[in-house]
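Asks: Residue numbers (full-length UniProt numbering): 1 to 421.
(1) What do you reckon, are the CB atoms on residue 301 and residue 147 nearer than 7 Å?
(2) So, is residue 183 buried or exposed, given that buried needs 16 or more other C-beta atoms within 10 angstroms?
(3) How far does the alpha helix (DSSP H) with residue 25 in it extend, from its first residue to its last?
(4) With a cut-off of 8 Å on the beta carbons, I'd call residue 154 and residue 260 a contact; round off their distance for me.
(5) Taking residue 313 and residue 372 to be in contact with their CB atoms under 8 Å, please state how far apart those CB atoms are, rounded to whole angstroms.
(6) So residue 282 and residue 248 are supposed to be a Cβ contact under 8 Å. How far apart are they, rounded?
(7) Could you tell me the alpha carbon to alpha carbon distance between residue 316 and residue 359, rounded to whole angstroms?
(8) What residue does the beta strand (DSSP E) around residue 83 start on, and which one ends it?
(9) Could you have a look at residue 230 and say whether DSSP puts it in helix, strand or coil?
(10) Pull up the distance between the alpha-carbon of residue 111 and that of residue 213, whole angstroms please.
(11) Please confirm if the stretch 30-46 is in contact with the stretch 126-138, defined as three or more CB-CB distances below 8 Å between the two stretches.
(12) Could you give the DSSP three-state label for residue 317: helix, strand or coil?
(13) What residue does the beta strand (DSSP E) around residue 169 start on, and which one ends it?
(14) Buried or exposed: residue 240, going by 16 or more other Cβ atoms within 10 Å of its Cβ?
(15) If you follow the beta strand (DSSP E) that residue 393 is in, where does it begin and where does it stop?
(16) Taking only three categories from DSSP, how would you classify residue 322?
(17) Taking the straight line between their C-alpha atoms, what separation do you get for residue 125 and residue 305?
(18) Tell me the start and end of each unbroken beta strand (DSSP E) in the stretch 125-209 that is at least 3 residues and wholly inside, in chain order.
(19) Compute the Euclidean distance between the alpha carbons of residue 195 and residue 140, then round it to the nearest angstrom.
(20) Looking at the structure shown, is residue 219 part of a helix, part of a strand, or coil, going by DSSP?
(21) Regarding residue 273 and the ligand ADP, is the C-beta to nearest heavy atom distance less than 6 Å?
(22) Quick one, are the C-beta atoms of residue 199 and residue 231 less than 7 Å apart?
(23) Could you tell me which of 59, 87 and 81 sits nearest to residue 101, measuring between CA atoms?
(24) Looking at C-alpha atoms only, which residue of 350, 165, 73 and 420 is the closest neighbour of residue 255?
(25) Just grab the DSSP bridge partners of residue 358 for me.
(26) Determine whether the beta carbon atoms of residue 264 and residue 222 lie at a separation below 7 Å.
(27) Indicate whether residue 157 and residue 323 have their beta-carbon atoms separated by less than 7 Å.
(28) Taking all protein chains shown into account, decide if residue 391 is buried (16 or more other Cβ within 10 angstroms of its Cβ) or exposed.
(29) Let's see if you can read the secondary structure: which residues bound the alpha helix (DSSP H) around residue 305?
(30) Residue 387: buried (16+ other C-beta within 10 angstroms of its C-beta) or exposed?
(31) Kindly indicate which residue of 201, 275, 54 and 227 has the alpha-carbon position closest to the one of residue 43.
(32) Mapping the DSSP letters down to three states, classify residue 66 as helix, strand or coil.
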């Protein structure tokens with residue numbers, strides 16, 4: 001018996017789309033309208049898989065895309081923002097698992113991005129990281145969750161003057177101008193590896209459903225301001241807690257955004273809130289100054305490390321040419337990419353002293369053989385190709401070629417962690 005063909009297209013039924021999401025993620029269903037639950041996810045970026053005979057109330061699979069910019073290596077060790085498709089809302093109905101639904105949806109996603117003018121990369125945060133490497137996503141950055149005690153000393157003598165010039169202003173996410181202010185801060189200070197969403201993304205971040213507020217403080221935003229202008233923010237919420245008649249509340253910080261002086265001023269304010277005993281800061285990058293300011297990991301209450309952004313080169317040549325290069329190289333790579341066959345095969349990567357690269361098809365003998373996810377992992381300068389070679393995940397055919405390519409792709413500091421989407 002021939003299995004039904006999987007069809008993937010725009011999700012035309014928002015109720016069915018949302019019902020699928022609820023089935024897959026099994027969280028409490030909010031008592032608000034469908035469109036309110038889908039706020040920030042553009043209608044034309046909601047997709048679904050379908051097969052003949054599937055249940056009418058749910059789709060066999062769904063996915064969504066947040067239009068983003070991704071900060072990739074730029075000139076002078078800086079960052080350059082490029083268009084990025086932020087893959088999210090991915091789910092396969094339990095009745096349709098292991099039938100090729102996810103593979104069909106990801107192929108559709110890659111084809112959509114491939115056809116879109118000006119967008120050459122896809123990125124995601126993986127709920128289950130074992131899945132996405134099989135589809136060409138490489139782990140491009142790490143993130144830490146750092147716990148600090150109240151009154152933690154933050155030492156940065158060369159930043160003290162600049163931090164002292166920063167004032168802070170408290171707001172609540174329900175304030176109508178807060179999403180716009182957050183986005184403008186993020187755009188102005190996006191460091192290597194950061195993602196910045198469109199206006200709808202920040203509207204979603206700031207939107208609070210009653211079910212998410214039960215017994216919880218509303219999310220608040222502490223803005224950093226310099227000369228009356230927003231230069232950064234920290235989004236946080238607090239939880240009441242008392243131990244032996246002493247206040248020991250907990251503060252969770254979603255992200256710190258801004259230049260180092262702004263972040264330092266924000267952190268010094270956050271660890272000095274009344275009634276708080278512990279401050280847990282999320283979305284901290286590997287080379288974030290926070291750990292240096294406190295004196296290293298053992299000067300914190302706890303540090304947990306997780307995978308942050310997974311990057312997929314959908315259009316290999318265009319994506320590699322969009323970023324700046326750290327050193328010259330001339331390497332032929334044989335790339336394996338079964339899900340985006342237009343990438344499969346041999347490419348000559350030539351980077352010059354100015355940091356620009358040309359990437360072209362070639363019939364020359366390859367120097368390096370690798371899967372496309374290896375280049376995705378190295379794309380932001382964080383995934384070490386030499387380490388992958390040592391681990392047996394990249395093959396070298398010309399001695400020194402992997403190190404040559406990696407020297408050209410690596411960056412002076414590791415990519416920062418990316419906020420969730």
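We put the CB at the ideal spot given by N, CA and C, even for glycine. Only a predicted model underlies this, so the values are computations on that prediction, with no experimental measurement involved.
Replies: The structure says:
(1) In contact: residue 301 and residue 147 (Cβ atoms closer than 7 Å).
(2) The residue is buried, with at least 16 neighbouring Cβ atoms inside 10 Å.
(3) Note, residue 25: alpha helix (DSSP H), 14-25.
(4) No, residue 154 and residue 260 are not in contact; Cβ-Cβ is about 11 Å, not under 8 Å.
(5) Indeed they touch by this definition, with Cβ atoms about 6 Å apart.
(6) Residue 282 to residue 248, Cβ: 20 Å. No contact.
(7) Taking the straight line joining both Cα atoms gives about 8 Å.
(8) Annotation: the continuous beta strand (DSSP E) that includes residue 83 extends over 79-92.
(9) Residue 230 falls in the strand class under three-state DSSP.
(10) Residue 111 and residue 213 have their C-alpha atoms roughly 39 Å apart.
(11) Contact check between the stretch 30-46 and the stretch 126-138: fewer than three CB pairs, one atom from each, fall below 8 Å, which does not count as touching.
(12) DSSP places residue 317 in the helix class (H, G or I) of the three-state scheme.
(13) For residue 169, the enclosing beta strand (DSSP E) covers residues 167-172.
(14) Exposed, by the Cβ-count rule.
(15) It is not in any beta strand (DSSP E) - residue 393 carries neither H nor E in the DSSP assignment.
(16) Of the three classes helix, strand and coil, the one that applies to residue 322 here is helix, per DSSP.
(17) So the alpha carbons of these two residues sit roughly 14 Å apart.
(18) Considered as a whole, the stretch 125-209 harbours 142-149, 167-172 and 195-197 as its complete beta strand (DSSP E) runs of no fewer than 3 residues, in chain order.
(19) Rounded to whole angstroms, the separation of the alpha carbons of residue 140 and residue 195 is 13 Å.
(20) Shown here, residue 219 sits in coil according to DSSP, grouped into three states, outside any helix or strand.
(21) As far as ligands go, the structure on display features none, and thus does not contain the ligand ADP.
(22) Result no, Cβ atoms of residue 199 and residue 231 do not sit closer than 7 Å.
(23) Here the closest residue by C-alpha is 59.
(24) Relative to the Cα of residue 255, the nearest Cα in the group 350, 165, 73 and 420 belongs to 420.
(25) In the DSSP output, where bridge partners are listed per residue, residue 358 has 350.
(26) Their beta carbons are not under 7 Å apart, which means residue 264 does not touch residue 222 by this criterion.
(27) Cβ atoms of residue 157 and residue 323: not closer than 7 Å.
(28) By the neighbour-count rule (16 or more Cβ atoms within 10 Å), residue 391 is not buried but exposed.
(29) Unbroken run through residue 305 is the beta strand (DSSP E), 302-307; no alpha helix (DSSP H).
(30) Note on residue 387: under 16 other CB atoms within 10 angstroms of its CB, so exposed under the neighbour-count rule.
(31) When only C-alpha atoms are compared, the closest one is 201.
(32) DSSP places residue 66 in strand when its eight states are reduced to three.
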